[in-house]
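Peer 1: Structure incoming, see below.
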Amino acid sequence: MLDLIIRGGEVVTPHGVGRHDVAIAGETIAAVTRRRRAGRGRQRIA
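Note that the working numbering has the sequence shown beginning at 3, numbered continuously upward.
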C-alpha cells in the first residue's frame with residue numbers, strides 16, 4: 003500500500019500539463035497516473 007495519494011493535482015510532464023494522481027511511497031514519488039488509477043493509500047488528498 004502507498005503512503006499518500008494526491009488526487010487530481012495539476013502536474014507538468016514532458017507531454018504537457020494535466021490533472022493526474024500522484025502516489026507517494028516513503029519519500030519517493032512512486033507513480034504519476036491518470037485520475038483514479040493510482041490505487042489506495044494510507045492517506046489521501048483530494
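We put the CB at the ideal spot given by N, CA and C, even for glycine.
Can you give me the C-alpha to C-alpha distance between glycine 28 and leucine 6, rounded to a whole angstrom?
Peer 2: Reading the sequence shown from its first residue, position 26 is the one you call residue 28. Reading the sequence shown from its first residue, position 4 is the one you call residue 6. The alpha-carbon atoms of glycine 28 and leucine 6 are separated by roughly 9 Å.
Peer 1: On the DSSP bridge assignment, give the partners of aspartate 23 in chain order.
Peer 2: Taking the first residue of the sequence shown as position 1, residue 23 is located at position 21. DSSP output for aspartate 23 lists Thr35 as bridge partner(s).
Peer 1: Looking only at its own chain, which residues have a Cβ that is under 6 Å from the Cβ of isoleucine 47, when we skip the five neighbours before and after it?
Peer 2: Reading the sequence shown from its first residue, position 45 is the one you call residue 47. Excluding positions up to five away in sequence, the list reads Ile8.
Peer 1: What does a CB cutoff of less than 8 Å around valine 19 pick up in its chain, not counting 5 residues either side in sequence?
Peer 2: Stepping through the sequence shown from its first residue, residue 19 is reached at position 17. For valine 19, where only same-chain residues beyond five positions count, the Cβ hits under 8 Å are Glu12 and Val13.
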